[in-house]
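Here UniProt numbering is used: the first residue of the sequence shown is 1, the next is one more, and so on.
C-beta: ideal position from N, C-alpha, C; glycine also.
The structure under discussion appears below in the form of structure tokens.
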Amino acid sequence: MPLQCLYSDMHETILDFVDTASVTAAGTKEGPPRSGGWGLRGWTKGMEDRAVGAGMGAGRRQPSLEEGDGPAWRRETAVRGVSAWGTVAGSNSIFGSNPEFLGVTNITTDEHALLSLKAPITSWSSSVTQVCNWTGVLCNRHGRVAALNLSNMGLLGTIAPDIGNLSFIVSLDLSNNNFSGGIPKEMAHLRRIKDINLNFNDFRTLPLYTSHQLANLELIYLAYNSFTGIPESISNASKLISVDLTKNNFSGIVPNSLGNLGLLEELRLGWNNFISEPSSPELSFINSLTKCTKLRVLAISENHITGTLLVSIGNLSASLQEISAQRCGIKGTIPDGIGNLSGLITLSLFGNDLSGSIPSTIKGLQKLQGIDVGDNKLRGSITDDLCQLHELSGLYLSYNQLFGLVPACLGNITSLRQLDPSSNKLTSTIPASLGNLKDLLLFRAYLNSFHGNLPSDIGNLKVLTKLDLAYNNFSGDIPGGIGDMQNLVNLYLEHNEFMGTIPETFQNLVSLEKLDLSQNNLSGVIPKSLDKLFYLRYFNVSYNKLHGEIPNGGPFGNFTSQSFLPNEALCGATQFGVRPCKTNSADRLKPLQKVVIISVSSAISLVVLVLMSVLLWIRCRKSKRPTVEIDLQPVAEHRRISHQEIQEATKGFEESNLLGNGSFGSVYKGILSDGMIVAIKVFKLQQERALKSFHVRCEIIRNVRHRNLIKIITSCSNPQFKALILEYMPNGSLEKWLHSHSCVLDITQRLDIMIDLACALDYLHHAVPSPFASGGRRDVGKGRRRDGGNGAVVDLQRCLPQGTDRLDCDSEQWPGVAVARTSEQTGGGQILRRCGRSERL
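As structure tokens, then:
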């Protein structure tokens with residue numbers, strides 16, 4: 001069986017497919033990847049990283065219809081006179097041959113020719129439907145097969161000779177399968193065919209002289225196969241528009257007869273074994289192409305086409321848009337005539353043996369978007385003429401012998417996305433004008449002799465993803481503005497003379513993956529904030545003058561000693577190869593010392609507490625003050641206040657006036673219309689027990705008055721709003737005076753405050769009727785200081801029984817000191833002990 005084609009996963013029959021298959025426009029099948037508007041280095045859509053065999057040469061690629069990234073795709077395979085394709089459904093098949101039908105000259109011929117190509121494609125069966133409705137088959141208006149699309153079906157095997165019976169076929173697409181073997185000579189019978197796409201298979205041989213008979217052939221795509229030799233008669237297909245022989249094993253001399261293809265627009269010969277004419281030091285076949293006046297693409301990369309570029313290269317088609325000649329071994333200089341190619345968009349001469357300087361005529365290439373002359377032997381300075389290329393997006397000058405300055409006028413080419421003058425002999429400083437390149441994605445200038453400070457304007461490159469300035473002589477501080485480059489992925493500043501500290505702003509480089517600051521004169525500590533850079537996977541600060549602790553959070557857990565050697569002043573975890581960090585003095589104390597210190601402190605506190613209790617008792621005995629000092633105001637004198645006045649006093653409950661929040665309300669500072677400063681407690685009525693809390697405090701108003709209890713001025717109550725207006729304590733909380741370093745109380749002041757609070761507690765215990773007299777648990781709230789320096793209890797909370805023993809207390813978070821007790825015997829003692837020892841309440 002000449003064709004053994006295996007197709008994976010038998011999923012559906014033709015009837016299933018006919019119901020569900022979509023129809024796509026002619027030409028939607030894309031070819032193999034182009035070098036595109038950026039040449040074969042893969043510049044299109046920001047593909048700036050160079051690798052050996054970049055672009056199409058990076059290995060066999062399986063394109064998909066949805067793919068949008070990477071190099072541009074080949075020109076679409078148009079089907080002349082055909083309006084639509086049927087999409088290919090997935091079902092497995094084995095192809096065979098049926099030579100008995102050779103010679104039949106109608107649709108039956110086409111049907112049997114197709115059946116000879118398939119055995120198990122279940123959707124191809126005359127018993128199910130007509131041949132013109134088969135998957136991948138398109139017929140013309142006469143009912144004959146005009147197009148066959150079997151791309152992306154996973155087919156394998158060889159092509160049967162019966163394919164030569166499809167005498168009306170115009171377009172044949174077998175791309176992206178696993179066909180092998182040779183192309184049958186019977187394909188020469190397809191005299192009407194215009195498009196042949198055999199990309200991405202494993203075909204090996206071509207029949208000789210086929211092109212003599214395929215007189216109507218316009219597009220031939222043979223890329224990514226294993227073809228050898230070269231069909232010498234290809235130049236006889238005079239209507240050829242596009243020829244793609246990329247990534248095969250073609251060899252031999254590129255024939256000058258290609259110049260006879262007067263309609264040729266695209267010629268792609270890259271990644272083969274072609275050679276130039278041995279007897280001529282010049283690339284003569286390029287001279288022959290000057291007759292191809294419609295040529296748009298010339299791609300000859302990765303061949304052995306040595307020799308020099310003729311001056312006549314300037315005589316190539318004015319419509320030429322792409323020249324890709326990477327790694328061909330081309331010698332000599334870049335001819336001045338190249339400036340005549342006014343339509344050129346991509347010029348890629350990377351990896352050759354070119355010498356001389358960049359010609360000034362290059363300024364004539366006004367449409368040029370990408371130029372790559374890297375890895376050559378070019379000399380001289382970077383010409384200012386490049387600054388006139390206002391559409392330039394990528395400029396690659398690396399690995400040459402260029403010297404002098406980077407022209408400041410490059411900062412005027414605002415279209416620049418990639419700038420790479422690395423590995424040359426450039427000097428002076430980086431011009432500040434490069435900060436104008438707001439859309440720059442890549443800037444590499446490593447291995448030069450730049451010196452001086454790095455301009456702060458570099459921080460303006462907000463979208464930069466890769467910055468490599470390693471192996472230069474930069475000095476001064478690292479600009480903190482680099483921290484504004486939040487898209488930065490790689491930052492290389494090693495082997496310079498930078499001084500100062502690592503900028504704290506580096507914590508903002510949230511996309512950073514690689515950071516190398518080694519071999520500089522940096523000092524200070526490694527900012528702990530760098531442990532927030534979660535994507536960081538390479539970090540090197542070796543050979544600097546850093547000190548202090550190495551962060552151990554975030555990505556630092558994955559780094560080793562190689563990142564920090566030999567910074568002897570650093571300390572941290574053992575995995576970093578540095579000494580352990582010293583702990584503070586408290587941590588260094590031995591357990592026995594800690595026990596002694598705690599014991600002595602407790603004893604001293606106890607003695608102080610006893611002495612102060614005695615003094616307090618004596619003071620209370622001598623004072624003989626009345627237990628109760630009542631300053632009750634008649635109800636008629638209570639001030640009335642409205643909700644509107646409260647809103648005005650607090651400026652609409654502005655955040656700046658908020659003193660504190662509690663579970664049932666918030667306390668605000670307010671200034672009434674008469675200038676009186678008050679504290680306003682607003683209850684959150686949406687809380688379940690807030691209303692009950694309000695009534696409890698109103699009950700307190702009616703029952704207690706004492707000079708050491710906060711004065712409750714009045715209240716405001718309506719169904720939607722309830723608030724208490726309280727005396728404002730300007731000196732703040734007892735907490736602040738006991739524990740703040742800026743507020744100091746001497747022993748006499750502390751004693752006065754303790755007496756005042758004790759008197760207030762004595763009043764609550766003995767002079768106030770139930771429910772404060774006895775029984776149950778009580779909370780006596782916050783202590784504060786009045787202007788006169790005396791203490792006052794500012795928040796009295798009555799805790800009512802819930803059920804039997806459960807209590808529910810509203811503990812306001814108003815700044816102050818909460819004093820809570822569970823029995824009459826402990827409340828006063830808690831205040832005395834803590835106030836005397838300055839203990840945090």
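Open item on the list: So for Leu609, helix, strand or coil by DSSP?
Closed with: helix
Task: Residue environment, His695, which counts as buried when at least 16 other CB atoms sit within 10 Å - done: exposed
Open item on the list: What does the alpha-carbon distance come out to for the pair Pro730 and Val678?
Closed with: 10 Å
- [ ] State yes or no: is the C-beta of Met754 within less than 8 Å of the C-beta of Leu616?
- [x] Taking 8 Å as the Cβ cut-off, Met754 and Leu616 qualify as a contacting pair.
Open item on the list: Per DSSP, what are the beta-bridge partners of Tyr538 in this structure?
Closed with: Bridge partners of Tyr538: Lys514.
- [ ] Report the residue from Val704, Arg417, Asp384, Ser151 whose alpha carbon sits nearest the alpha carbon of Asn178.
- [x] The shortest C-alpha separation from Asn178 is found at Ser151.
- [ ] Could you tell me which uninterrupted beta strand (DSSP E) segments, each at least 3 residues in length, are contained entirely in the stretch 340-390, listed from first to last along the chain?
- [x] 346-348, 353-355, 370-372
Task: As assigned by DSSP and simplified to three states, the class of Phe274 - done: strand
- [ ] Quickly, what does DSSP pair Ile747 with across the bridge? List them, please.
- [x] Partner(s): none; Ile747 has no beta bridge.
TODO: Leaving out five residues on either side along the sequence, give the residues of the same chain with a beta carbon under 6 Å from the beta carbon of Val682.
DONE: Gly665, Ser666, Ala723
Open item on the list: Just to confirm, is the Cβ distance from Val254 to Phe285 under 8 Å?
Closed with: yes
Open item on the list: Does Leu258 come out as helix, strand or coil in the three-state DSSP assignment?
Closed with: helix
TODO: Can you give me the start and stop residues for the alpha helix (DSSP H) that His643 sits inside?
DONE: 643-649
TODO: To the nearest angstrom, report how far apart Met676 and Pro455 are at their CA atoms.
DONE: 58 Å
Task: Assigned secondary structure, Tyr543 (DSSP; H/G/I helix, E/B strand, else coil) - done: Note: Tyr543 maps to coil in three-state DSSP.
Open item on the list: Please report the straight-line C-alpha distance between Glu277 and Arg144, rounded to a whole angstrom.
Closed with: In this structure, the CA atom of Glu277 is about 46 Å from the CA atom of Arg144.
- [ ] Please list, in chain order, all residues of the same chain as Leu691 whose beta carbon is under 8 Å from its beta carbon, the five residues on each side excluded.
- [x] Phe683, Leu685, Lys722
- [ ] List the DSSP bridge partners of Asp756.
- [x] Beta-bridge pairing links Asp756 to no other residue.
Open item on the list: Classify Phe556: buried if its beta carbon has 16 or more other beta carbons within 10 angstroms, exposed otherwise.
Closed with: Buried is the call here.
Task: Backbone CA spacing between Asp516 and Asn540 [nearest angstrom] - done: 5 Å
- [ ] Kindly indicate which three-state DSSP category Thr290 falls into: helix, strand or coil?
- [x] helix
TODO: Please name the residue, chosen from Gln575, Asn567, Asn544, Cys571, that lies closest to Phe559 on a Cα-to-Cα basis.
DONE: Gln575
- [ ] Tell me where the beta strand (DSSP E) around Met153 begins and ends.
- [x] Premise fails: Met153 is in no beta strand (DSSP E) and is neither H nor E.
Task: When Lys331, Thr505, Gly500, Leu467 are compared against Leu493, the one with the closest alpha-carbon - done: Minimum Cα-Cα distance from Leu493 among the listed residues Lys331, Thr505, Gly500, Leu467 corresponds to Leu467.
Open item on the list: If I follow the unbroken beta strand (DSSP E) through Tyr492, where does it start and stop?
Closed with: 490-492
Task: Leu354 vs Ile330 beta-carbon contact at 8 Å - done: yes
Task: Same chain only: Cβ atoms within 7 Å of Phe168, ignoring 5 sequence neighbours per side - done: Within the same chain, Asn140, Arg144, Val145, Ala146, Arg192 come within 7 Å of Phe168 by CB-CB distance, once the 5 residues on both sides are set aside.
Task: Contacts around Leu298, its chain only, beta-carbon distance under 6 Å, and the 5 residues preceding and following it disregarded - done: Apart from the 5 residues on each side of it in sequence, Leu298 sits with its Cβ closer than 6 Å to the Cβ of Leu267, Ile323 in its chain, given in chain order.
Open item on the list: Which runs of the beta strand (DSSP E) at least 3 residues long sit entirely within the stretch 451-489? Give them in chain order.
Closed with: 451-453, 466-468, 473-477
TODO: Taking only the alpha-carbon atoms, compute the straight-line gap between Gln130 and Val137 and give it to the nearest angstrom.
DONE: 10 Å
TODO: Can you say whether Asn508 is buried or exposed, counting buried as having 16 or more other CB atoms within 10 angstroms of its CB?
DONE: buried
- [ ] Below 8 Å on the Cβ atoms is my guess for Thr501 versus Gly524; work out the distance and round it to an integer in Å.
- [x] 3 Å
TODO: Note down, in chain order, each residue of its chain lying with its Cβ closer than 7 Å to the Cβ of Ile230, except the 5 sequence neighbours on either side.
DONE: Phe250, Gly252
- [ ] Using 10 angstroms around the beta-carbon of Thr346, count the other beta-carbons present and answer buried if the total reaches 16, otherwise exposed.
- [x] buried
- [ ] Can you tell me which of the three DSSP states Ser717 falls into?
- [x] DSSP places Ser717 within a strand segment (E or B) once states are collapsed to three.
Task: Distance CB(Tyr446)-CB(Ser415) smaller than 8 Å - done: no
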